[in-house]
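A quick write-up on the structure given underneath.
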Amino acid sequence: MYILGGLSVLVLGFLAYVASRPSKYRYVRSREVRGDAAAAYAQIEDFHHWERWSPWEGLDPNIERKYSGPASGEGTTYRWKGNKKVGEGQMQIVATEPGKRVVIDLQFIEPIESRATTTLTVEPRGDRALVSWIMEGENGFSSKLFDAVMNMEKMIGKDFDKGLAALDEQLAKGAPSSEKLAA
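In terms of our numbering, the sequence shown opens at residue 880 and continues consecutively.
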């Protein structure tokens, strides 16, 4: 009887801890990349380029991709469906500040439904650029529980770091800037 009571107190205490977690999250990673701001921005605002640097693209060689809307910029939509590592979801560019910022409405369908706002910013640094990747959203109880157990900031942060490093590598190889893409 005492063991059951003690276990109940522990479970209730853990649930109270989970409930007390922040209702909003914000994860940020930044990296200075080897390429000018125009080239970095061109890679970000066109989802077709994400195959080269997104940290999730290599997790499923059979991923299904669908693009709709304009080729790049506001209104561009990218849908994907893949294995358990990739899941299913979509991204839509909802706002841009040309050469500086891309705002994306990110929706996950599987394995867990969720929605977030992702913003990528580009700041010129001479012949280089500082790229920041930001994800923000609301934490429901299940998200708080998952974060309490898995530490989402570290998981997402690691993926963002990997993606920014791959973007840096693409730009170092001479990925085209928006001017080169238009030609």
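We treat Cβ as the ideally placed atom computed from N, Cα and C, and that holds for glycine.
These figures come from a predicted structure and were not determined experimentally.
Between the alpha carbons of Glu1015 and Pro934 lies a gap of roughly 18 Å. For Glu924, the enclosing alpha helix (DSSP H) begins and ends at Ala916 to Glu924. Inter-residue distance for Ile988 and Ser1021 is about 15 Å (C-alpha atoms, whole angstroms).
Around the beta carbon of Ser951, 16 or more other beta carbons lie within 10 angstroms, which makes this residue buried. In this chain, the alpha helix (DSSP H) harbouring Asp1038 covers Met1031 to Ala1051. In this structure, DSSP gives Arg1007 an extended state, which the three-state scheme calls strand. Within the same chain, Cβ atoms closer than 6 Å to the Cβ of Arg931 are found at Gln1049, the five residues on either side in sequence being excluded.
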